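Down below is the structure, laid out as structure tokens.
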Amino acid sequence: NDAIHLKIAAMSGNKVLVSYVHELLDRSSLYLVLYDPFSRLEYCPLAEHEKIFTALQSGDRRDVRLAMEEHLKSSTAYAYLAEDIPEDYISLG
501 NDAIHLKIAA MSGNKVLVSY VHELLDRSSL YLVLYDPFSR LEYCPLAEHE KIFTALQSGD
561 RRDVRLAMEE HLKSSTAYAY LAEDIPEDYI SLG
């Protein structure tokens, strides 16, 4: 997951964006290990990431936009599902 986000940032050619994404990933790693609500859901965005990456490589802006929209909608939907998981869900495992 981290690798694809860093790769996409790098493909932008924007060094500030790459630095920002790297920092966000570093800061969120500990939180995700301890509190990631997605770990209890069957959510695997690998196919979505591959679709985005392929679209970026092709240079087709429309395909990139559609792939990103699909990924963001899917991620948002799972985020809402994760809200239904109790805050102390770690103790449920």
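Residue numbers (my numbering): 501 to 593. For glycine and all other residues, C-beta sits at the position ideal for the given N, C-alpha and C. Predicted model, so just to flag it, every value in this text is computed and none were measured.
query, result
"Decide yes or no for the touch test of the segment 545-552 against the segment 564-574: beta carbon pairs closer than 8 Å, at least 3 of them.", "yes"
"Could you give the first and the last residue of the continuous alpha helix (DSSP H) run that contains Asp560?", "Per DSSP, Asp560 belongs to no alpha helix (DSSP H) and is neither H nor E."
"Roughly how many angstroms separate the alpha carbons of Glu570 and Val516, rounded to a whole number?", "26 Å"
"Among Asp502, Pro545, Leu506, which one has its Cα closest to the Cα of Thr576?", "Pro545"
"Buried or exposed for Ala509, please, with buried defined as at least 16 other CB atoms from any protein chain shown within 10 angstroms of its CB.", "buried"
"State the DSSP-derived secondary structure class of Ser575, mapped to helix, strand or coil.", "helix"
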